[in-house]
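In my numbering, the protein residues as written are 6 to 224.
Put into structure tokens, the structure is as follows:
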């Protein structure tokens, strides 16, 4: 298995990559990371650079063919699944659910209220709503925000919005954070490094799913 960290977890939200690798080791999963890991091409595709994205995808395909790919990033997962041909890819939320169901990792349930933000690329684009929730429910009490699953609000970061329209991106994230606070949860969990990057530092603790789960082992 290749653990594809993705640009954000590799360069900016490195605690997500660290937590993921700790979980893989706890589950005794053999994996590698790439020292020269390049972008999956998602950002290029979503911002209209289709030619450059196609070139990037062609370069990556020679590395990823006949390999199983694990991603932290919802955008990377969508790109490998829908924009590459014949790539065997799994998102970390799906793998964690499998590991819990197969008793490969054991978690202690805590009486703690958390809410979950659906990343657009994982949820609406790939119809994966249940895996992150199943993982969360194995550890804590899940309380939903008013907008969730296919009706979830965007975090405001995707599609180049955070880079091109930072003020708009911030306003969108503020609306989502308000819903998280209104849910009564003590913690907001995401399953995408880009979402975490745009939602954090706004009055509620924001963690990636892997950071939340590894915390159970570090208690």
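Every residue, glycine too, gets a C-beta built ideally from N, C-alpha and C. Note that the structure is a prediction, hence the values are computed from the model and not measured.
Query: With distances taken Cα to Cα, identify the nearest neighbour of residue 166 among 11, 58, 52, 140.; Result: 52
Query: Under the three-state reduction of DSSP, which class applies to residue 210: helix, strand or coil?; Result: coil
Query: Please list the segments of the beta strand (DSSP E) lying wholly inside the segment 140 to 206, counting only runs of 3 or more residues, in order along the chain.; Result: 192 to 195
Query: Relative to the ligand FMN, is the shortest distance from any of its heavy atoms to the C-beta of residue 112 smaller than 7 Å?; Result: This structure simply doesn't include the ligand FMN, nor any ligand for that matter.
Query: Could you check the C-alpha separation between residue 171 and residue 108 for me, to the nearest Å?; Result: 43 Å
Query: Rounded to the nearest angstrom, what separates residue 203 and residue 178 at their Cα positions?; Result: 7 Å
Query: From this set, 11, 44, 25, which residue's C-alpha is nearest residue 212's C-alpha?; Result: 25
Query: Quick check on residue 90: buried or exposed, where buried means 16 or more other Cβ atoms within 10 Å of its Cβ?; Result: exposed
Query: Name the residue from 138, 113, 191 whose alpha carbon lies nearest to the alpha carbon of residue 124.; Result: 138
Query: Work out the CA separation of residue 48 and residue 84 for me, nearest whole Å.; Result: 9 Å
Query: Only counting the same chain, and skipping five residues up and downstream in sequence, which positions put a Cβ closer than 6 Å to that of residue 152?; Result: 158
Query: Excluding sequence positions up to five away, which residues of its chain have a Cβ less than 7 Å from the Cβ of residue 219?; Result: 24, 27, 28
Query: CA-CA distance, residue 201 and residue 71?; Result: 31 Å
Query: Could you give the DSSP three-state label for residue 9: helix, strand or coil?; Result: strand
Query: I'd like to confirm the pairing. Which residues does DSSP put opposite residue 35 in its beta bridges?; Result: Bridge partners of residue 35: none, in fact.
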